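Structure first, then comments.
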Amino acid sequence: MEEFTEKIKSIASQITLENKAKVFEDTIDVVVDFLSKYFNVNSGEVGILLITSNGKFLRFVAPKKLFKSGATFPISKRESVSTRVITTLKPDIQNNLSNIKHLSIYEQVKTSEDKPKAIQKMLTYPLLSESKALGVIQISRKGDTPQQAGPDFTQSDIKKLTDLSPLFLPYLTKSKPDFI
3 MEEFTEKIKS IASQITLENK AKVFEDTIDV VVDFLSKYFN VNSGEVGILL ITSNGKFLRF
63 VAPKKLFKSG ATFPISKRES VSTRVITTLK PDIQNNLSNI KHLSIYEQVK TSEDKPKAIQ
123 KMLTYPLLSE SKALGVIQIS RKGDTPQQAG PDFTQSDIKK LTDLSPLFLP YLTKSKPDFI
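Each number in my numbering comes from the position in the sequence shown (counting from 1) with 2 added on.
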């Protein structure tokens, strides 16, 4: 954990107006790598979505494929788990996501060379600053069935993200490019 914190601080110390976007991407890469190892998921199963500067959309900043394509969706999308979490400011655990109406854009990201797998389980956690939502983190488990996807998420996983998010959230917000 200390190595992760030091790495984030080191990247953040390099921020200038000219390289803000690069520092942001590097920060996202380190956060995704850490969270994927911490929760024992593939990096493509870690999603980070931030509220855009106009406050109307959620923009994927991870997985990288969705960030690079500029993937966004309106915060007003009712079937979005992310929207619900941002609205309530409360984490959400879905251990049988395939039975719940939700947006499927994130499921198009391959976790291996095979075809994309369905998200079976998802932990969505609000990223908050002074009780205001900035976005969400989604840790998912993909597979053909809930059993194949891996263990259920628990309240203990929420506690882990509660403890972890203050370690990186200040650096994400500091380096967030204006175009997001």
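C-beta atoms are modelled at their ideal positions from N, C-alpha and C, and glycine is treated no differently. Quick caveat, the model's predicted, so the values are computed rather than measured.
Residue i - partner residues in DSSP beta bridges
| i | result |
| --- | --- |
| ALA64 | ILE50 |
| GLN96 | MET124 |
| PHE75 | LEU60 |
Nearest residue (CA-CA) to residue i, options the options
| i | options | result |
| --- | --- | --- |
| THR147 | LEU99, LEU166, PRO179 and GLN140 | LEU99 |
| GLY145 | LYS9, LYS123, TYR127 and GLU27 | LYS123 |
| ASP94 | ASN42, GLN157 and LYS67 | GLN157 |
| PRO179 | LEU68, ILE30 and GLU4 | ILE30 |
| ARG61 | LEU136, SER38, GLU5 and LYS39 | LEU136 |
| LEU37 | ARG80, LYS162 and ALA73 | LYS162 |
| SER15 | LEU91, PRO172 and GLY46 | PRO172 |
| LEU174 | TYR40, ASN42, ILE50 and MET3 | ILE50 |
| ILE88 | LEU19, ASN44 and SER131 | SER131 |
Within 8 angstroms, strictly: CB atoms of residue i and residue j
| i | j | result |
| --- | --- | --- |
| LEU129 | VAL138 | yes |
| ILE77 | SER177 | no |
| VAL25 | ILE10 | no |
| VAL48 | ILE141 | yes |
| VAL34 | PHE170 | no |
Legend entry - beta strand (DSSP E) runs contained entirely in the region 115–151, provided each spans 3 or more residues: Taking only runs of at least 3 residues, the beta strand (DSSP E) segments lying wholly in the region 115–151 are 121–131 and 134–144.
Inset, instruction - Flag this pair as touching only if the region 49–58 and the region 156–172 have three or more C-beta atom pairs under 8 angstroms; answer yes or no. - result: Result no; under three Cβ-Cβ pairs closer than 8 angstroms.
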